[in-house]
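Residue numbers (my numbering), protein chains in the order written: chain A, 0 to 107; chain B, 0 to 107. Using N, Cα and C, we set each Cβ at its ideal position, and we do this for glycine too. Here's the structure we're looking at; comments come further down.
Protein chains: 2
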Amino acid sequence: MEPRLGEFEQLVMLALVRLGDDAYGVAVQREIAGRTGRSTGFATVYTTLARLEGKGLVASRLGDPTPERGGRRKKYFVLLAAGRRAVRESLRTLRTMTRGLDASWGAP
Amino acid sequence: MEPRLGEFEQLVMLALVRLGDDAYGVAVQREIAGRTGRSTGFATVYTTLARLEGKGLVASRLGDPTPERGGRRKKYFVLLAAGRRAVRESLRTLRTMTRGLDASWGAP
DNA sequence: TCTATATATTCGACTAAGTCGAATATATGG
DNA sequence: CCATATATTCGACTTAGTCGAATATATAGA
C-alpha cells in the first residue's frame, strides 16, 4: 500500500504533474499560488518536496545553469511510479466520497 | 478565510454531508471505511470530529437512547456554515489543480 | 576579478493534523 | 443487578504543514 498523501502533499504532487519537465521548487510554489490562490512560503514547498522524495514518491535531479541572469541551479522533480499510484489513490478516495453529492457541493 | 481542512478532515466532513441526520462517530467511521476501503480506528474519527468542532466547523448534540439493545447515547454532528464553506473551498482547490489533466489521472 | 544583485534552495524550529490502544460510560435484556 | 452490546473519551505519540532567516550560486558590469 502506498503511503497516504497529506492535503498539501496532494497539491504539490498535482503541481508536479502539471509542470512536467519544468517542475522545480519555485515553479511549484507559483503553480499552486497562481491556480488556487493559496500562497505559501517557498520553504513550505521545499520541505514537502523533500519529504515526498524521502518516501520514494518523487525523484530529483539538478539542472544546468541557465543563461537568464544569475541564480542558483534548479532542482527538478519528477513523479516515480509509487508517486503516481499515491496520487491516483488520493483522487479515487476523494471521488468515492463526493460521488453523487448534490451539485451545489461542486464535487471535483 | 476559513481554516484549511487536512486530508482526513476532508473525508470526515464529506461523511457528515453524506450521512445527514444519522451522522455520529461510529457511522462516520463505517461510511469512510465502507466507501474508500480505508479503515481507521474509531478514536481517529473522534479526535478529528472534536477538532473540527473546536474550530467551529461542526456542531454536536447528544441523541436520545434508542431501543436497539444497549449502548451509550450517540453524539450527532452537523456541519455549520463555516464548515460548508471549508468543504467547498477544499473541493474547489482540488478541482483547480486537477482540471484539464489527462483522463488517466481520474481527476475527481 | 570582484561585487551587487537576481534566483533558488536549505536550515532550524514550531504548530497542527493523523493515529490508535486502552479505558470508560451507559443502555437493555434477562 | 450484572453480562453484554454500543458508543465515546483519554493519553500519547508520529507525521504533515508552516515559515523566517540563512545560505548558495549564477551573471552582468565596474
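Residue nearest to residue i in terms of C-alpha spacing, selected from the options
i	options	result
A/Asp20	A/Lys74, A/Gln9, A/Gly40, A/Thr47	A/Lys74
B/Gly105	A/Gly105, A/Ser103, A/Arg84, A/Asp101	A/Arg84
B/Arg94	A/Ile31, A/Gly53, A/Pro2, A/Thr65	A/Ile31
A/Met12	A/Phe76, A/Arg98, A/Glu1, A/Arg68	A/Phe76
A/Leu48	A/Arg68, A/Pro64, A/Ala26	A/Ala26
B/Ala102	A/Tyr23, A/Arg3, A/Val16	A/Val16
Beta-carbon neighbours of residue i, restricted to chain A and to distances below 8 Å
i	result
B/Val118	Coverage of chain B is limited to positions 0 through 107, which leaves residue 118 of chain B absent and any answer about it impossible.
B/Arg87	Trp104, Gly105
Beta bridge counterpart(s) of residue i as assigned by DSSP
i	result
B/Leu78	B/Val57
B/Tyr45	For B/Tyr45, which the question treats as bridged, DSSP gives no partner whatsoever.
Neighbour list for residue i in chain A, Cβ cutoff strictly below 7 Å
i	result
B/Leu79	None at all; the shortest Cβ gap to chain A is about 16 Å.
Contact set between residue i and chain B, taken where Cβ atoms lie within less than 8 Å
i	result
A/Gly5	Gly5, Glu6
A/Arg34	Thr95, Met96
Closer than 9 Å at the beta carbon, the chain A residues around residue i
i	result
B/Arg37	Arg3, Thr92
Given 8 Å, three or more beta-carbon pairs between the region 59-70 of chain B and the region 87-105 of chain B: Taking one beta carbon from each stretch, the region 59-70 of chain B and the region 87-105 of chain B have fewer than 3 pairs nearer than 8 Å; the two do not touch.
Taking Cβ-Cβ distances below 8 Å as the criterion, which residues of the region 42-60 of chain A are in contact with chain B? So the list is empty, because no residue satisfies the distance condition.
Report yes or no: do the region 34-50 of chain A and the region 36-56 of chain B share at least 3 C-beta pairs separated by less than 8 Å? Too few Cβ pairs lie closer than 8 Å, so no.
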